[in-house]
């Protein structure tokens, strides 16, 4: 069944008089369910990426580059830990951001332009806010799965020495949402792709990955490049992850900034996404 037929069948299911109240109450979940079903079309890609990426990065950084760095730094390591332990939280957060990009870019513009499934949903009792929540929740399912698998591999590689290590999972998920929510609002505003997502991938995600303290402490960069880290949700949630996984010492005020900044991006992005969805669906 095509995405458009699936969306229309879901719309008809919510149009009956006995289902109006249920649709108004649970519309967000129906949207989530529909989005999760569409993911089955590329489920194999999700599984391979979720398993293959951590294995590739951890072997290359733990056995390859990591061994070289550790041989030069000795017992000091980077921030007092082996290199793979240091980069692990950054890779974890990067995986969350990648998942958010893939679910909240093309699928969002597609829901308006190609399949037009958002219009079908909104033709029922499902509101724009519920569509936003449903799309976001479905993306979070993928992000949570990806991060959980990645964290498991980190633990197997011995890169999570602290008992607080599991807290790196929610901080990474927060990073994915902090990046994905504003992206969703932007994607919903586009009438056509016009290469925007390729540009974002090349000129936003790639620089953030390189200059957000991923492979080395941010303060070792030139001052101008350090500004990239400060505006990057990746650096903030990476530092939170390092605090959890190996006890990176961070000033209390800075720890608050690391938490508040991505939270602000996530909430602000969701509010903006709702406004864009509501305006476009009302046309």
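In the numbering used here, the protein residues as written are 3 to 285. All residues carry an ideal CB built from backbone N, CA and C; glycine is no exception.
Looking at the DSSP output, residue 83 sits in a beta bridge with 80.
Counting of Cβ neighbours within 10 angstroms places residue 45 among the exposed residues, the total staying below 16. Collapsing the DSSP output to three states places residue 40 in a helix. Here the stretch 247-259 does not lie against the stretch 116-130, with fewer than 3 beta-carbon pairs under 8 Å apart. Residue 115: member of the alpha helix (DSSP H) spanning 108-115, first to last residue. Its Cα nearest to that of residue 100, the residue 55 stands out among 276, 90, 120, 55. One alpha carbon belongs to residue 219, the other to residue 170, and they sit about 18 Å apart.
Counting of Cβ neighbours within 10 angstroms places residue 186 among the buried residues, the total reaching 16 or more.
In terms of CA proximity to residue 144, 106 leads the group 106, 159, 115, 119. About 5 Å separates the CB atoms of residue 239 and residue 173; that is less than 8 Å, so the two are in contact. For secondary structure counted as the beta strand (DSSP E) over 3 or more consecutive residues, the stretch 185-258 holds no complete run. In the structure shown, the three-state DSSP call for residue 118 is coil. If the five residues before and after residue 275 are omitted, its C-beta is found closer than 7 Å to the C-beta atoms of 134, 183, 186, 187, 190, all from its own chain and listed in chain order. Sequence-distant Cβ neighbours of residue 151 in its own chain, meaning closer than 7 Å and more than five residues away, are 52, 53, 56. By the Cβ rule, the stretch 215-234 does not count as touching the stretch 191-204, because fewer than three pairs are nearer than 8 Å. Residue burial annotation: residue 80 is buried, with at least 16 other C-beta atoms found within 10 angstroms of its C-beta.
Pairing residue 98 with residue 175 gives a Cβ-Cβ distance under 9 Å.
If you ignore the 5 residues before and after residue 193, its C-beta comes within less than 8 Å of the C-beta of 115, all in its own chain and listed in chain order.
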